[in-house]
Amino acid sequence: MGLLSKNINLAAIAAALLAASIFPVQAETAQGDGFPTKAPQVLLIDDGSDTVLLSKNPDKKVPPASLAKLMTAEIVFDALKGGQITLETAYPVSEYAWRTGGAPSRTSTMFARIKSTPTVADLLQGMIVQAANDGAIVLAEGLAGSEQAFAGKMNDRAAELGLRDSRFVNATGLPAQGQAVTLSDLTKLARHIHSSYPEYYPYYAQPAFTWNNIFQRNRNPLLRLEVGADGMGTGFAEESGYALVASAQQHGRRLFLAMSGLASAREREEEARKLIEWGMNAFDKVHIYAANERVGEAQVFGGALNHVALKVDADVELLLPKEGRNRLKARILYDGPLHAPLEADKQIGSMQFELDGNIVRQIPLFTAQPVVMGSLSQRAMGAAFELATGWLRKYF
């Protein structure tokens, strides 16, 4: 049993799939330079079509800095949604929160006074709008008893959300050994927050917040630019430079951008602006398949049929460059060989779409028909063929 692949060339989007041979192959990771950028790590995704527009070292682990607060916010939003707390719930500011993330820390702070009791709504605004470390710590202590215990909740929740390569040590993102994230995970987290908590997402677009008579503007520089940005956050670490996770919407399309490794705040702002403008203007939405359309086939052994048709279960649309659509390729991946009997509508693999060697999207594939067990002679022929092809694969 191994991963099998059928390559499919799409010379034109409307053209029929071309026949191709099956051969063993390993899935590739998207790495590309589809647009020149100074950012060493970038991931740009079109939310509606789930298309990767640009991918550059998205799985490299980097310190999260203040972007760790996205995970902190998610846990607070989840607690609000579940009814464990309300926006009016008040938490005391401990000496630890004050010294570690408040005025004495000389880090991003909302200047919460020690022993004061701001509400969850106040703390969220401080943490999101001002990247306040004291706000994040007070929320962590209020929900879990201590920041250390809250970090455990962060990692548990990250695992639930499928953030496979990130580990959190504190609620703030302040430097700590072992704390790391990837742009892939941060983008997945940002998209989850936007889709799951629409009632709280507007905090990220709030232009300013005043607490303790101190007025501070939102630290996201993209909110001041005319690129449709409405969230999410920024970060800086000595080890990895300036980072950003952003979401922007124009003309009914939403992009999510994550980037890291920039040399300055100015460079981060300029590169993010250019990437969003490029993502909004350089692509067209193209209809690839209709729901339940048959897109290929997979080999079956021991069945009344030698092959089973494969289909998609939903409409498939991709964002493709206005120039160079004929470079789009697709391939079918599945663990084979398949053995009868097979039910209809069973997920057995996926289709990868590639452009210039970069994986831009992967969709599940399902059996379009059942395949019953074959007769004794059919099964004998299938076994002999499987033995022969298995022997040949060892040498080709």
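Mapping of the sequence shown onto mature numbering (1 follows the signal peptide of the UniProt record, and there is no 0): residues -27 to -1, 1 to 369, in sequence order. Positions of the beta carbon are idealized from the N, C-alpha and C atoms, including for glycine. None of the values given here were measured: they were computed from a predicted structure.
Inset, instruction - Determine contact between the stretch 209 to 219 and the stretch 280 to 293, defined as no fewer than three beta-carbon pairs at a distance below 8 Å. - result: Look at the beta carbons and you see the stretch 209 to 219 not touching the stretch 280 to 293: under three pairs across the two are nearer than 8 Å.
Legend entry - Residue range of the unbroken beta strand (DSSP E) whose run includes Y262: Unbroken beta strand (DSSP E) run through Y262: 256 to 262.
Inset, instruction - Look up A109 in the DSSP assignment and say whether it is helix, strand or coil. - result: Here A109 sits in helix by DSSP.
Inset, instruction - From the DSSP output, in three-state form, read off G125 for me. - result: Assignment of G125 by DSSP, reduced to helix, strand and coil, places it in the helix class.
Legend entry - Contact belief for V25 with I332 at Cβ below 8 Å, rounded distance in angstroms: Your pair V25 and I332 checks out as a contact, with CB atoms roughly 7 Å apart and the cut at 8 Å.
Inset, instruction - Under 7 Å Cβ to Cβ from Q68, same chain only, skipping five residues before and after it: list those, please. - result: It is Glu, not Gln, that sits at residue 68 in the sequence shown. Same-chain partners within the cutoff: I87.
Legend entry - Under 9 Å between C-beta atoms of A163 and T45: Taking 9 Å as the Cβ cut-off, A163 and T45 do not qualify as a contacting pair.
Inset, instruction - List the residues that DSSP assigns as beta-bridge partners of D95. - result: Partner(s): none; D95 has no beta bridge.
Inset, instruction - Would you grab the beta carbon distance between S139 and A131 for me? Rounded to a whole angstrom, and I think it's under 8 Å. - result: Sure, about 6 Å apart at Cβ, within 8 Å.
Legend entry - Whole-angstrom distance between P180 and A52, CA atom to CA atom: Cα-Cα distance, rounded: 25 Å.
Inset, instruction - Please specify which runs of the beta strand (DSSP E), each continuous and at least 3 residues long, are wholly inside the stretch 239 to 299, giving them in chain order. - result: Within the stretch 239 to 299, the complete beta strand (DSSP E) runs of at least 3 residues are 256 to 262, 267 to 274, 280 to 284, 289 to 294.
Legend entry - Coarse secondary structure for V142, derived from DSSP in three states: Shown here, V142 sits in coil according to DSSP, grouped into three states, outside any helix or strand.
Legend entry - Length of the line joining the Cα atoms of A202 and R246: Using only the alpha carbons, I get a separation of about 9 Å.
Legend entry - Integer Cβ distance of Y176 from V102, believed to fall under 8 Å: Their Cβ separation, rounded to whole angstroms, is 7 Å, which keeps Y176 and V102 in contact under 8 Å.
Legend entry - beta strand (DSSP E) segment containing T24, residue limits: The continuous beta strand (DSSP E) containing T24 extends over residues 24 to 29.
Inset, instruction - Pull up the distance between the alpha-carbon of G301 and that of A70, whole angstroms please. - result: For clarity, residue 301 is Leu in the given sequence; the question names Gly instead. Computed Cα separation, rounded: 52 Å.
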